[in-house]
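Below: one structure, written as structure tokens.
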Amino acid sequence: MPRHIRLAGLPSSLLWITMLAVSGSFGQSPAPLVQNVINRTTVSLDGDWHYIVDPHEEGTARSFGSRNFVEYDFNTSPSLHVPGDWNFQRPELQWYEGTVWYQRSFDYHPRTDTRALLYFGAANYRARVWLNEKPLCEHEGGFTPFNCEATSLLQDGANVLIVAVNDTRHSDDIPSLRPDWFNYGGLTRDVMLVEVPREFIEQYSIQLDRGSSHRISGWIRAPNPSTSQKVTIRIPELKLGTEAMADKYGLYWFTIDAPKLELWSPEKPKLYRVEISTPTDRISEEIGFRTIETRGTDILLNGRPIFLRGIDLHEEPFYRSGRAHGEDDARTLLGWAKELGCNFVRLAHYPHDESMIRVADRLGLLVWSEIPVYQGVDFKSRQTLDKATRQLTEMIARDRNHAAIILWSVSNETPKSAERNAFLHQLITTARTLDPTRLITTATNQTTTAEAHKKVFDDPIIADLDVFGVNEYIGWYEGVPADLDITTWSTPYEKPMIVSEFGGDAKYGLHGAASQRWTEEYQEDIYRHQIAALRKIPFLRGTSPWILKDFRSPHRQLPGIQDGYNRKGLISESGERKRAFYVLQQFYHELAAQASETRKP
Ligand code: GCB
114 MPRHIRLAGL PSSLLWITML AVSGSFGQSP APLVQNVINR TTVSLDGDWH YIVDPHEEGT
174 ARSFGSRNFV EYDFNTSPSL HVPGDWNFQR PELQWYEGTV WYQRSFDYHP RTDTRALLYF
234 GAANYRARVW LNEKPLCEHE GGFTPFNCEA TSLLQDGANV LIVAVNDTRH SDDIPSLRPD
294 WFNYGGLTRD VMLVEVPREF IEQYSIQLDR GSSHRISGWI RAPNPSTSQK VTIRIPELKL
354 GTEAMADKYG LYWFTIDAPK LELWSPEKPK LYRVEISTPT DRISEEIGFR TIETRGTDIL
414 LNGRPIFLRG IDLHEEPFYR SGRAHGEDDA RTLLGWAKEL GCNFVRLAHY PHDESMIRVA
474 DRLGLLVWSE IPVYQGVDFK SRQTLDKATR QLTEMIARDR NHAAIILWSV SNETPKSAER
534 NAFLHQLITT ARTLDPTRLI TTATNQTTTA EAHKKVFDDP IIADLDVFGV NEYIGWYEGV
594 PADLDITTWS TPYEKPMIVS EFGGDAKYGL HGAASQRWTE EYQEDIYRHQ IAALRKIPFL
654 RGTSPWILKD FRSPHRQLPG IQDGYNRKGL ISESGERKRA FYVLQQFYHE LAAQASETRK
714 P
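Here the sequence shown is numbered in the numbering used here, starting from 114 and rising by one per residue.
In structure tokens form, the structure reads like this:
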């Protein structure tokens, strides 16, 4: 059954979009996402969970969620740590793709006038949740959070939670069948109960108006508003505040003029504590204020042209296997990016853990955040578009108040076709409608090469974008590094371009001639030629090479060289820097010095 969900903050003509309900047959669909959970009262459900591996879907046939079956016993089953993928906690699960049943018990004492939402930071890829033997909710999409209304199913005292997570890949999923990264399954991010009052602040958008450097505006959504209820928004450091009344949709719109506002920037990532309160609820968050827009081929941050000195990264930690998670991993990964001289990161190819964005806010790193509409997507399927739309909506709902994010990306490397164009157009429109304050991008590898060494970036999807990303592997998948010296780049579009991927593989510690593939010298040579070529592209406004660190990919099996890793990292999986790291670092330090020179009064 199609279900209509309302998207807050939209003009009335766009108030509704049609989405398919997650399922009509199991529990509820997740409740609307509650933002900023780390500043709420929470009960952590992280820790050890019992698990049962279920390759034949016995648990579904025998209703594991709602009754104990004699041959299966969660209480005597081994455990997995949550948050974490299952693949690298148990050697026998490394290559497992299918269903794993998770179970844990916990004590809880419900309080009158308090609601409890069961919150999952992410479960890859499908999750079905039972609380105290009753189906609660299900969710699809491995990199975005969801929460389920648990209040009425929670018991005073012992409670039992069961989650079936399935990470089987399907051609009509997002991502599709063959992503070039490891399919880490499981409850990969935090699980918690979030306690909120009966009437609570669910979501809000607090940003500078597009183009204004001092007018803060936005909306707050609190379910079940009474028409007389007021919301107060305060920024204590600026001694500013205002009140707002609900409109008929339960949205509280407000504007605050802040003439003395210090803008957030990579050089000075200033955050202000913003407090929101209703008669029944209050929440605060550290928010930075900056503008981002384009003018011709320029990207303007706070009204001034900026060049994005970036690096791509997957959500994998250094020094251990599995999914990265939490602030420590984020600080290590983004710390390396800072050391490279970056002011920008492309978080590939899916929304990363929220702590990554919070750390980027504090470190002053601009962020490109992306949904996994990756090669091989079924663009003809309405259902697949619904899945992508849901992931886009959840990504924006979680992160819309983070100053670091300047670009929402709707896809990576999709082949040109009428169906592809329509599919991406729909996503771009949704992203713009949900968040008119940020720029929309995508990474394309579609070019027309009319003559040898003449690259024309003319993918028609560029017409729909604010900024376009180009992935290009001259010297690795195409020709040799010296081809970069004679390649010309052009585009019919008057828009800023970011080279969102380039590079080549090198095994750390393998040395040889610059012409010898897989050596650090070969990779270094690609970077040298590439940087010389980039300097000549007049509409280039950013670079983010592929990639910060070697990452696991089942596609990469060359023995003795790849051994299961994509080796395009500038740093090995154990933290050793390759020669190309220093080449990029030198380029970025030079660009940073030039930029600070032009900023001088
Ligand atoms: C690409 C993809 C990226 C791959 C990379 C590679 O174009 O966007 O996901 O990992 O190339 O190494 O081939």
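Using N, Cα and C, we set each Cβ at its ideal position, and we do this for glycine too.
Comparing C-alpha distances from Asp-425 to each of Ala-516, Asn-525, Ser-176 shows the shortest one belongs to Asn-525. Taking C-beta atoms as the reference points, Arg-334 and Glu-308 fail to come closer than 8 Å. Scanning the region 299 to 376 for uninterrupted beta strand (DSSP E) segments of 3 residues or longer gives 304 to 310, 316 to 321, 328 to 334, 343 to 348, 353 to 358, 364 to 370, listed from N- to C-terminal end. Annotated three-state conformation of Ala-705 is helix, per DSSP.
Here Ala-450 has Ile-424, Val-458 as same chain residues with Cβ atoms under 6 Å from its own Cβ, once five neighbours each way along the sequence are excluded. DSSP places Val-472 in the uninterrupted alpha helix (DSSP H) bounded by 467 to 476.
DSSP links Trp-631 through a beta bridge to Ala-619. With a cutoff of 7 Å, His-462 counts as near the ligand GCB, since its C-beta is closer than that to a heavy atom of the ligand. Remark: C-beta atoms of Thr-301 and Asn-200 do not approach each other more closely than 8 Å. The C-beta of Glu-184 has fewer than 16 other C-beta atoms within 10 Å across all chains shown, which makes the residue exposed.
Of the other Cβ atoms in all chains shown, fewer than 16 fall within 10 Å of the Cβ of Lys-361; this residue is therefore exposed. By the C-beta criterion, the region 439 to 449 is judged not to be in contact with the region 612 to 629, since fewer than 3 inter-stretch pairs fall below 8 Å. The count of Cβ pairs closer than 8 Å, one atom from the region 530 to 542 and one from the region 594 to 601, stays below three, leaving the stretches out of contact. Classified as exposed, Trp-208 has fewer than 16 neighbouring CB atoms from the shown chains inside 10 Å of its CB.
Taking C-alpha positions only, Gly-454 is separated from Arg-291 by approximately 33 Å. In this structure, Asn-415 has its beta carbon at no less than 7 Å from each heavy atom of the ligand GCB.
Per the C-alpha coordinates, the member of Tyr-317, Ala-517, Leu-376, Ile-165 positioned closest to Arg-328 is Leu-376. Comparing alpha carbon positions, the residue from Ala-576, Asn-456, Leu-353, Phe-177 closest to Arg-386 is Leu-353. Distance from the CA atom of Lys-649 to the CA atom of Gln-643, rounded to whole angstroms, is 10 Å. Ranking Leu-158, Pro-310, Pro-418, Ser-468 by CA distance to the CA of Thr-391 puts Pro-310 first. A contact is defined here as three or more CB-CB pairs under 8 Å, and the region 160 to 174 fails this definition with respect to the region 401 to 418. Distance from Met-358 to Val-150 at the Cβ level is roughly 27 Å; contact not present, criterion being Cβ atoms closer than 8 Å. Not one heavy atom of the ligand GCB sits closer than 7 Å to the Cβ of Asp-159.
By the criterion of a C-beta distance shorter than 7 Å, Ala-626 is surrounded in its chain by Glu-634, once the five residues flanking it on both sides are discounted. Set against 7 Å, the gap from the CB of Glu-428 to the closest heavy atom of the ligand GCB is not smaller. Less than 8 Å separates the beta-carbon of Leu-498 from that of Phe-536. Here DSSP, grouped into helix, strand and coil, assigns Tyr-385 to strand.
Contact annotation: Gly-439 and Asp-198 have beta-carbon atoms that are not nearer than 8 Å. Pairwise C-beta distances place the region 207 to 223 out of contact with the region 244 to 259, as fewer than three of them are shorter than 8 Å. Note that the C-beta distance between Tyr-586 and Lys-691 is not below 8 Å. In this structure, the C-beta of Asn-558 approaches the ligand GCB to less than 7 Å from one of its heavy atoms.
Contact between the region 258 to 271 and the region 518 to 534 is absent: fewer than 3 CB-CB pairs across the two stretches fall below 8 Å. At the C-beta level, Lys-662 and Gly-682 come within 8 Å of one another. Per DSSP, the unbroken beta strand (DSSP E) holding Phe-219 starts and ends at 212 to 221.
The DSSP assignment places 581 to 584, 601 to 603 as complete runs of the beta strand (DSSP E) inside the region 569 to 605, in order along the chain (cut-off: 3 residues). Arg-533: member of the alpha helix (DSSP H) spanning 531 to 547, first to last residue.
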